[in-house]
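Asker: Here the protein sequences line up with chains A and B, keeping their order.
To convert a position in the first sequence, counted from 1, into the numbering used here, add 9.
To convert a position in the second sequence, counted from 1, into the numbering used here, add 36.
Heads up, the beta-carbon is just placed ideally off N, CA and C, and yes, glycines get one too.
Note that this is a predicted model, so its numbers are computed, not measured.
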Amino acid sequence: MTAAGAQSWRQMLAEEGWSRHLTTLEGWREFTTAETIPPELLTGQQWAAMPETDQLLYDEFRLDYHTRLAAAATSALRQVVNTGRRLTLLNRHAISARRGLILSGAAGTGKTTAITQFGKTHEAVDRLRHPGIGDRIPVIYVTVPPSATPRMLAVEFARFLGLPLTGRANITDVIEAVCGVAVDARVSVVCVDEIHNLQLATRNGAEVSDTLKYFSERIPATFIYAGIDVEREGLFSGTRGRQIAGRFTLIPMLAFPLAAEWQGLVVTLEDALRLHRHQPGTLAGLHQYLHRRTGGMIGSLSHLIRGAAIEAILDGSEQITRKLLDGIDLDHAAESEAARRSRKHT
Amino acid sequence: MAGRTRAVAEGTPAMTASPPDEAPELIEEADAEQEPGPMARVIPLGFFDPFEEAKKGW
Chain A
10 MTAAGAQSWR
20 QMLAEEGWSR
30 HLTTLEGWRE
40 FTTAETIPPE
50 LLTGQQWAAM
60 PETDQLLYDE
70 FRLDYHTRLA
80 AAATSALRQV
90 VNTGRRLTLL
100 NRHAISARRG
110 LILSGAAGTG
120 KTTAITQFGK
130 THEAVDRLRH
140 PGIGDRIPVI
150 YVTVPPSATP
160 RMLAVEFARF
170 LGLPLTGRAN
180 ITDVIEAVCG
190 VAVDARVSVV
200 CVDEIHNLQL
210 ATRNGAEVSD
220 TLKYFSERIP
230 ATFIYAGIDV
240 EREGLFSGTR
250 GRQIAGRFTL
260 IPMLAFPLAA
270 EWQGLVVTLE
280 DALRLHRHQP
290 GTLAGLHQYL
300 HRRTGGMIGS
310 LSHLIRGAAI
320 EAILDGSEQI
330 TRKLLDGIDL
340 DHAAESEAAR
350 RSRKHT
Chain B
37 MAGRTRAVAE
47 GTPAMTASPP
57 DEAPELIEEA
67 DAEQEPGPMA
77 RVIPLGFFDP
87 FEEAKKGW
């Protein structure tokens with residue numbers, strides 16, 4: 010590999026949005042059109058023949074690749090995509106009471122990955138059905154801010170769409186602008202993440218829920234929510250909650266048990282590594298250890314393996330070992346769960 | 037950089053991983069520090085590809 014290779018790494022790194030935000034149309038479009046291309050590993054001879062600047066670029070490209078591996082095709086992700094697909098078809102001609110989907114589970118169970126991959130798939134479908142039409146916005150992706158008010162939520166929608174807002178715009182102005190643009194741009198899926206920030210027991214939470222419901226009545230789209238343990242946090246309680254429960258399908262997102270799918274997940278992530286000295290099968294042989302460390306959370310597993318891969322490139326070892334994995338810190342939830350299990354077994 | 041030079045120069049000339057659509061053979065432990073575990077034939081889940089999924093005709 011060669012100057013042409015170096016040129017392509019340089020170009021792909023330059024095109025990468027370092028400050029990409031999914032909650033803006035620009036960032037979302039970048040995400041939904043991006044393909045993950047695994048870097049080709051060079052031979053020692055090819056690497057030695059490159060100038061040092063290209064060697065650094067080569068490593069930078071591999072670091073970048075390992076920071077954002079593609080999403081593994083887990084059964085939960087497939088269920089979300091299939092259910093979402095079915096609901097968008099069912100809702101296509103519905104004039105009221107459209108059905109929605111809620112993904113609920115602990116942190117690190119892959120909710121955001123699932124909702125965004127569904128959105129990305131829906132965008133790809135829309136581009137296939139309407140090629141060359143650039144003014145369509147098939148998907149809106151927003152997150153519910155902490156302690157959200159109805160105006161804050163409406164502004165999140167407006168911000169995604171890139172609508173200019175003056176300080177004087179009241180909530181009705183914002184909602185009208187959002188609904189108008191959403192209908193004109195043929196929005197057909199609305200993804201609302203971090204829905205656990207909506208507390209129905211509070212006045213603000215109830216009003217935000219009403220605002221979401223109003224959006225769902227004005228925008229002819231399928232609404233998909235994702236949040237942490239929402240059924241336990243009261244999202245289905247009271248009159249408003251019962252209305253949500255009556256219209257939304259709930260998909261629980263769970264930790265993986267120590268079973269065949271977990272092993273398949275570990276093997277998939279290991280296959281994706283682009284390290285020069287990594288011994289294939291190392292991580293597969295450590296699947297029990299990895300489950301113990303992460304509590305079966307896909308988010309923690311991904312963080313652990315990607316973190317170890319980055320460390321292996323930076324320290325020049327170019328392989329992931331048990332010792333290297335031991336040195337990678339995980340999120341507090343995973344570490345606490347691992348400590349609890351350890352105490353239980355001693 | 038010395039460590040990196042050695043690692044890359046001695047590294048495998050091609051990708052270390054098995055092709056994505058091919059299940060790996062029975063996996064054996066890679067070295068002595070690894071933890072033993074019962075290993076059956078493991079089928080990789082593969083990666084989710086929204087662009088391929090979209091071609092299935094929604």
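1) Between the Cα of residue 111 of chain A and those of A/278, A/203, A/16 and A/325, spot the shortest distance and give me the residue it belongs to.
2) Can you tell me whether residue 289 of chain A is buried or exposed? The criterion is at least 16 other CB atoms within 10 Å of its CB, across all chains shown.
3) Quick check: what's the CA-CA separation for residue 224 of chain A versus residue 69 of chain A?
4) Cutting at 6 Å between CB atoms, please list the residues of its own chain near residue 1 of chain A, excluding the five before and the five after it.
5) Beta strand (DSSP E) containing residue 109 of chain A: first to last residue?
6) How do the stretch 274 to 282 of chain A and the stretch 79 to 94 of chain B stand: do at least 3 beta-carbon pairs fall below 8 Å, yes or no?
7) Taking the alpha helix (DSSP H) that residue 92 of chain A belongs to, which residues open and close that run?
8) State yes or no: is the C-beta of residue 64 of chain A nearer than 7 Å to some heavy atom of the ligand MG?
9) If you draw a straight line from the C-alpha of residue 36 of chain A to the C-alpha of residue 130 of chain A, how long is it?
10) Return the CA-CA distance between residue 231 of chain A and residue 123 of chain A, expressed in angstroms with no decimal places.
11) Residue 164 of chain A by DSSP, collapsed to three states: which one?
12) According to DSSP, what are the bridge partners of residue 381 of chain A?
13) Kindly list, in the order they appear in chain B, the residues whose Cβ is closer than 7 Å to that of residue 272 of chain A.
14) If you follow the alpha helix (DSSP H) that residue 93 of chain B is part of, which residue opens it and which one closes it?
15) Reducing DSSP to helix, strand and coil, say where residue 324 of chain A ends up.
16) Would you mind sorting residue 16 of chain A into buried or exposed? The rule is 16 or more other CB atoms within 10 Å of its CB.
17) Taking 8 Å as the cut-off, decide whether the C-beta atoms of residue 304 of chain A and residue 268 of chain A are in contact.
18) State yes or no: is the beta carbon of residue 343 of chain A nearer than 8 Å to at least one beta carbon in chain B?
19) Across which residues does DSSP place residue 236 of chain A in a beta bridge pair?
20) Could you name the residues of chain B that residue 129 of chain A contacts, counting a contact when the two beta carbons are closer than 8 Å?
21) Does the stretch 58 to 77 of chain A come close enough to the stretch 187 to 195 of chain A to have 3 or more Cβ pairs within less than 8 Å?
22) Quick one: using the 10 Å Cβ neighbour count with 16 as the cut-off for buried, is residue 294 of chain A buried or exposed?
23) Quick one: what does DSSP say residue 202 of chain A is sitting in, helix, strand or coil?
24) Listed from N- to C-terminal order along the chain, which residues in the stretch 75 to 92 of chain A have their beta-carbon within a distance smaller than 7 Å of any beta-carbon of chain B?
25) Contact check, residue 263 of chain A vs residue 118 of chain A under 8 Å by CB: the rounded distance?
26) Whether or not the stretch 94 to 101 of chain A and the stretch 55 to 62 of chain A are in contact is what I'm after, with contact meaning three or more pairs of Cβ atoms, one per stretch, closer than 8 Å; do they touch?
27) Given that residue 133 of chain A touches chain B, what residues does it touch there, using C-beta distances under 7 Å?
28) Bridge partners of residue 81 of chain A, per DSSP?
29) Below 7 Å between beta carbons is the criterion; list the residues of the stretch 222 to 240 of chain A that meet it against any residue of chain B, in chain order.
30) Tell me which same chain residues have a C-beta within less than 7 Å of the C-beta of residue 218 of chain A, skipping the five on either side of it?
31) Pop quiz: residue 196 of chain A and residue 228 of chain A are said to be a contact at Cβ under 8 Å. What is the actual Cβ separation, rounded to whole angstroms?
32) Check whether the Cβ atoms of residue 333 of chain A and residue 317 of chain A sit closer than 8 Å, and answer yes or no.
33) Does DSSP put residue 153 of chain A in a helix, in a strand, or in coil?
34) Could you tell me which residues DSSP puts in a beta bridge with residue 262 of chain A?
35) In chain B, what lies closer than 9 Å to residue 277 of chain A by C-beta?
36) Kindly confirm or deny that the stretch 237 to 244 of chain A and the stretch 170 to 190 of chain A touch, where touching means at least three C-beta pairs closer than 8 Å.
Answerer: Taking the coordinates as given:
1) A/203
2) buried
3) 43 Å
4) Chain A is shown from 10 up to 355; residue 1 of chain A falls before or after that span and cannot be answered.
5) 109 to 114
6) yes
7) 84 to 100
8) As presented, the structure is devoid of all ligands, the ligand MG included, so that no description of it is given.
9) 16 Å
10) 15 Å
11) helix
12) With chain A running from 10 to 355 in the structure shown, residue 381 of chain A is simply not present.
13) 78
14) Unbroken run through residue 93 of chain B: none, as it is neither H nor E.
15) coil
16) exposed
17) no
18) no
19) A/113
20) 86
21) no
22) buried
23) strand
24) 79, 80, 81, 82, 83, 86 and 90
25) 6 Å
26) no
27) 86, 87 and 90
28) B/83
29) none
30) 207, 209 and 249
31) 6 Å
32) yes
33) coil
34) A/114
35) 56, 80, 81, 82 and 83
36) no
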